[in-house]
Amino acid sequence: MSGIINMALRGLAFVFTLIFTALVGNLIASNINGHMVTINFSMFVAALSWVAVLLSLDILAVLFTFIDAIVLAAETRAPNCGNLRNANLPHDWIGWGSANDEHRCRKLQAATAFVWFLWATFCVCLFFTYRQYRSGFSGTSRSSRPSMSQVGV
């Protein structure tokens with residue numbers, strides 16, 4: 002049963018990785034001299050997430066998606082994207098640097114949300130992978146004690 006759940010979670014992680022990669026790729030494609038360090042790291046995390054989804058590298062995926070989610074949330078600062086000019090944002094804010102800053106801001110907020118969803122999915126995948134590892138990948142009980150019929154009196 003946990004194998005089915007693990008496969009479903011990996012499918013969900015695949016979908017979140019696809020959406021996150023598309024959002025970050027679009028941010029990179031529409032950039033015009035904007036702040037790129039965080040966005041480039043996000044693309045690295047998206048590429049690593051593809052590898053993690055395909056090869057079950059859960060611990061690395063959990064670590065890097067958590068770091069990226071925190072960095073994106075901190076850099077985005079959650080402003081009202083419809084009123085950016087009155088938001089008191091610094092000149093090097095991550096949302097500046099596009100022909101349409103409001104659209105870029107909304108893509109940043111969506112990317113931040115989906116990287117958090119991806120992190121939560123990878124955490125649950127890591128839990129099921131750890132449970133499977135602890136059970137010896139065979140689905141049998143961890144206990145190796147003999148049963149009563151095997152004990153000689």
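With my numbering applied, the sequence shown covers 2 to 154.
Ideal placement from N, C-alpha and C gives every residue a C-beta, glycine not left out.
query, result
"Where isoleucine 60 falls, given that 16 or more other Cβ within 10 Å makes a residue buried", "exposed"
"Residues near leucine 58 in its chain [Cβ-Cβ closer than 7 Å; skip 5 each side]", "Val52"
"Nearest candidate by alpha-carbon position, reference threonine 18, set Cys82, Asn32, Val63, Gln133", "Val63"
"Through-space distance from leucine 24 to cysteine 82, alpha-carbon basis", "16 Å"
"Threonine 66 and phenylalanine 123 closer than 8 Å at C-beta", "yes"
"Beta-carbon separation (whole angstroms), alanine 112 vs leucine 73, contact threshold 8 Å", "6 Å"
"Cβ neighbours of phenylalanine 15 in the same chain (closer than 8 Å, five flanking residues each side left out)", "Val54"
"Helix, strand or coil at tryptophan 97 according to DSSP, with G and I counted as helix", "coil"
"Alpha-carbon to alpha-carbon, glycine 4 and alanine 100", "46 Å"
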